[in-house]
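Taking the working numbering, I'd label the letters of the sequence shown as residues 15 to 301. By construction, the Cβ of each residue, glycine as well, lies at the ideal position given by its N, Cα and C atoms. Fair warning: this is a prediction, and the values are worked out from it, not measured in the lab.
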Amino acid sequence: MSGNAEYTQEFVDVDGARLGIQVYPEPDGPPGAPVVVIWPAMGVRARYYRPFATALRAAGLTVVVADLRGTGASTPPPSRACRYGYAELAGDVGAVLAALKPRLDGRPRLLLGHSLGGQVALLHLALHGADAVDGLALLAVGVPYWRSYPGARGYGVLPYTQGIAAVAGALGVWPGWGFGGRQAHGVIRDWAYTARTGRFPTLDGVDAEAAVGRLATPVLAVSVDDDQYTPHGTLDHLCAKLTAAPVTRDRYTVAEAGAPLDHFAWVRAGVPLARRVADFAAGLPRR
Numbered sequence: 015m016s017g018n019a020e021y022t023q024e025f026v027d028v029d030g031a032r033l034g035i036q037v038y039p040e041p042d043g044p045p046g047a048p049v050v051v052i053w054p055a056m057g058v059r060a061r062y063y064r065p066f067a068t069a070l071r072a073a074g075l076t077v078v079v080a081d082l083r084g085t086g087a088s089t090p091p092p093s094r095a096c097r098y099g100y101a102e103l104a105g106d107v108g109a110v111l112a113a114l115k116p117r118l119d120g121r122p123r124l125l126l127g128h129s130l131g132g133q134v135a136l137l138h139l140a141l142h143g144a145d146a147v148d149g150l151a152l153l154a155v156g157v158p159y160w161r162s163y164p165g166a167r168g169y170g171v172l173p174y175t176q177g178i179a180a181v182a183g184a185l186g187v188w189p190g191w192g193f194g195g196r197q198a199h200g201v202i203r204d205w206a207y208t209a210r211t212g213r214f215p216t217l218d219g220v221d222a223e224a225a226v227g228r229l230a231t232p233v234l235a236v237s238v239d240d241d242q243y244t245p246h247g248t249l250d251h252l253c254a255k256l257t258a259a260p261v262t263r264d265r266y267t268v269a270e271a272g273a274p275l276d277h278f279a280w281v282r283a284g285v286p287l288a289r290r291v292a293d294f295a296a297g298l299p300r301r
């Protein structure tokens, strides 16, 4: 799309993996703008977020977009040899924040997650401490718990998610047949657990569900109209877990966007949503 900002491709090494991060130029205006680090949806490359990154930059934010482990510029490519799951993805968030620390010091900083990226960012803060950031934005995120889907949809979500997990277990990897791109078995295992139980699994011996309940970081939680994967109720289910955090719960509507929306389309129709994220960042308590 013409008019999108250029970025610099960088890499962060962690535990035998190499994580690709796209670093956008500083926005116009005074130095020290808030920094937002974007974590994508399952199987979605960082470059897909270029229109939204451009909108965030225009709204006055410095933007970094990471590729999830095994996707885009990040390695290793998912295979039977890969053993990682949600615990490792959450740890990757910390590795990227540590690598960016010289550029973050003294500046407000915000994690922004879409779908799986939102769960991963949330779990990082819950499991590893929230001192590195000032806020969390969850956009089109939700725990895909089958009972939180409207009407009879949940009765299809349950066998669908558990069927994907069964295939991934049998093959040792999810081949990406029509959903989510190629994924490590551990990622699909943990994702399917949340769909079946509505809870986060125990990760590295830690009760992630309880840890999420203790998180006190300010959260902006926005569901999107016509989201086929994480409709409004799935984010409501997730927000109910955030019993200690100040949560701003919102919806992004077709009327506000001025364009059709779904789980992915909001990225390319996100100028009003980018302004909302910038306003949230501006209102965060200063260090």
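Cβ distance (whole Å) where residue i is taken to contact residue j below 8 Å
{"i": "Ser162", "j": "His277", "result": "With a Cβ gap of about 15 Å, Ser162 and His277 do not count as contacting."}
{"i": "Leu298", "j": "Asp145", "result": "That pair is no contact at about 14 Å."}
{"i": "Tyr63", "j": "Val281", "result": "6 Å"}
{"i": "Thr267", "j": "Asp239", "result": "5 Å"}
{"i": "Ala73", "j": "Ala288", "result": "5 Å"}
{"i": "Arg121", "j": "Gly46", "result": "5 Å"}
{"i": "Asp204", "j": "Gly57", "result": "The pair is not a contact, with the Cβ atoms about 15 Å apart (cut-off 8 Å)."}
{"i": "Trp160", "j": "Val171", "result": "4 Å"}
{"i": "Leu234", "j": "Val291", "result": "7 Å"}
Proximity test, residue i beta-carbon vs the ligand PLP heavy atom, cut-off 6 Å
{"i": "Asp42", "result": "Ligands in the displayed structure: none, and consequently the ligand PLP is not present."}
Cβ-Cβ distance between residue i and residue j below 7 Å
{"i": "Val226", "j": "Leu124", "result": "no"}
{"i": "Ala87", "j": "Val79", "result": "no"}
{"i": "Pro245", "j": "Ala209", "result": "no"}
{"i": "Thr85", "j": "Ala31", "result": "no"}
{"i": "Leu141", "j": "Ala104", "result": "yes"}
{"i": "Pro54", "j": "Leu82", "result": "yes"}
{"i": "Leu252", "j": "Ala101", "result": "no"}
{"i": "Val107", "j": "Ala135", "result": "yes"}
{"i": "Ala304", "j": "Gln176", "result": "Nothing can be reported for residue 304: it is not among the residues displayed for the chain, which extend from 15 to 301."}
{"i": "Gly156", "j": "Thr231", "result": "no"}
{"i": "Ala283", "j": "Ala269", "result": "no"}
{"i": "Arg213", "j": "Ala258", "result": "no"}
Counted within 10 angstroms of its Cβ, other Cβ atoms place residue i as buried (16 or more) or exposed
{"i": "Ala60", "result": "buried"}
{"i": "Leu153", "result": "buried"}
{"i": "Lys115", "result": "exposed"}
{"i": "Glu20", "result": "exposed"}
{"i": "Leu137", "result": "buried"}
{"i": "Ser93", "result": "exposed"}
{"i": "Pro91", "result": "exposed"}
{"i": "Arg71", "result": "buried"}
{"i": "Pro48", "result": "buried"}
{"i": "Thr76", "result": "buried"}
{"i": "Phe25", "result": "exposed"}
For residue i: DSSP bridge partner residues
{"i": "Gln197", "result": "Trp188"}
{"i": "Arg32", "result": "Asp27"}
{"i": "Leu150", "result": "Leu125, Val233"}
{"i": "Trp160", "result": "The partner list for Trp160 (beta bridge, DSSP) is empty, contrary to what the question assumes."}
{"i": "Thr22", "result": "Val37"}
{"i": "Val50", "result": "Val77, Leu124"}
Please give the ranges of any alpha helix (DSSP H) in the segment 67–137, keeping only runs that are unbroken, at least 4 residues long and fully inside the region.
Taking only runs of at least 4 residues, the alpha helix (DSSP H) segments lying wholly in the segment 67–137 are 100–118.
For a minimum of 4 consecutive residues, which ranges assigned as the alpha helix (DSSP H) are wholly contained in the segment 216–273?
Correct list: 222–228, 246–253, 268–271.
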